[in-house]
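Residue numbers (this note's numbering): 44 to 241. Don't be surprised by glycine CBs; every beta carbon is placed ideally from N, CA and C. What follows is a short report on a single structure.
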Amino acid sequence: MFHNDVIAAGSGSVLFCHERAFAAQDTLLDALRESVGSRFVAVVVRDEEIGLDRAVSTYLFNSQLLERDDGSMLLVIPAECLEDNTVSAYLKRLTAGDGPIRALHAFDLRQSMRNGGGPACLRLRVWLDASERESVHANVWLTEALHRELVEWVERYYRDRVDPADLGDPDLLDESRRALEELTRILRLGSVYPFQHC
């Protein structure tokens, strides 16, 4: 059993999924068409095009759909998709067709994927109007200045490796707390960690 982001991705009125993604899939797609309306488009990858095992192992659906200015969709995919001949050929046909997905952008996300991440982790989008955005007092909107400050923070605090012996070193705990204290200050989050309340 696996969670849905391994086998389907959607954005707005477009659903990109494997034909074996859902139980009673035809019924589900009919319900979505009725609910969303005529704009709803299901891009369903057939088992004979890409088998379920191949779709999962290449992380094809651990991707993100983004709407472009012209209304078409960009599919952000892990690099593994282009390294597999079957999946790569399918994606070329997909983007050359007249469906909603017209462009690809691949990233090498192996480190993130090995740690449970990937493009699917970026799917959550919360739309805020101007007043809602202004009501967020934390410094969490990515700007050039915040990006620079976060890069400096990473360069100052982020270790490129932790050896087993380091885990018994009290200095690692102090270093981690200093890093988190600085990060919460940069983001103006207040005291969110228990050690900040001592």
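Own chain partners of residue i with C-beta closer than 8 Å, once the 5 adjacent residues on each side are dropped
{"i": "Gly142", "result": "Val84 and Val86"}
{"i": "Gly94", "result": "none"}
Candidates the options: closest to residue i by CA position
{"i": "Thr138", "options": "Gly80, Pro207, Phe150 and Ile120", "result": "Ile120"}
{"i": "Asp96", "options": "Leu109, Glu62 and Arg76", "result": "Glu62"}
{"i": "Ser57", "options": "Met116, Thr227, Val49 and Ile50", "result": "Correcting the residue type first, residue 57 is Val in the shown sequence and not Ser. Nearest option by C-alpha distance: Met116."}
{"i": "Arg145", "options": "Leu226, Ser81, Leu118 and Ala222", "result": "Leu118"}
{"i": "Ala52", "options": "Ala66, Gln107 and Arg82", "result": "Gln107"}
{"i": "Glu110", "options": "Glu91, Ala132 and Gly55", "result": "Gly55"}
{"i": "Asn19", "options": "Val205, Ser174, Asp48 and Ser131", "result": "Missing from the structure shown is residue 19; the chain here goes from 44 to 241 and no further."}
{"i": "Gln154", "options": "Asp203, Ser219 and Asp212", "result": "Asp203"}
{"i": "Ser114", "options": "Arg82, Glu187, Ala74 and Phe65", "result": "Before going further, note that residue 114 is Gly rather than Ser in the sequence given. When only C-alpha atoms are compared, the closest one is Arg82."}
Enclosing beta strand (DSSP E) for residue i [first to last residue]
{"i": "Val57", "result": "Val57 to His61"}
{"i": "Glu110", "result": "Gln107 to Glu110"}
{"i": "Ala146", "result": "Ile144 to Phe150"}
{"i": "Val119", "result": "Met116 to Pro121"}
{"i": "Ala51", "result": "Ala51 to Ser54"}
{"i": "Ala181", "result": "First-last for Ala181: undefined, no H or E at that position."}
Alpha-carbon spacing of residue i relative to residue j, whole angstroms
{"i": "Glu198", "j": "Pro207", "result": "22 Å"}
{"i": "Phe59", "j": "Ala122", "result": "18 Å"}
{"i": "His148", "j": "Arg191", "result": "25 Å"}
{"i": "Ile229", "j": "Leu215", "result": "21 Å"}
{"i": "Glu126", "j": "Leu152", "result": "13 Å"}
{"i": "Ser178", "j": "Arg89", "result": "45 Å"}
{"i": "Ser78", "j": "Gln68", "result": "15 Å"}
{"i": "Leu232", "j": "Glu91", "result": "50 Å"}
{"i": "Asn128", "j": "Asp112", "result": "30 Å"}
Buried versus exposed, by CB contacts within 10 Å (16 or more), residue i
{"i": "Thr70", "result": "exposed"}
{"i": "Cys124", "result": "buried"}
{"i": "Tyr133", "result": "buried"}
{"i": "Thr186", "result": "exposed"}
Boundaries (first-last residue) of the alpha helix (DSSP H) holding residue i
{"i": "His190", "result": "Glu187 to Tyr200"}
Own chain partners of residue i with C-beta closer than 7 Å, once the 5 adjacent residues on each side are dropped
{"i": "Leu72", "result": "Ala85"}
{"i": "Val235", "result": "Thr227"}
Min CB distance residue i to chain D below 8 Å
{"i": "Val179", "result": "Given the protein chain composition of this structure (a single chain), no chain D is represented."}
Other residues of its chain near residue i: CB distance less than 6 Å, five sequence neighbours each side excluded
{"i": "Trp184", "result": "none"}
{"i": "Arg136", "result": "none"}
{"i": "Ile50", "result": "His61, Ala64 and Phe104"}
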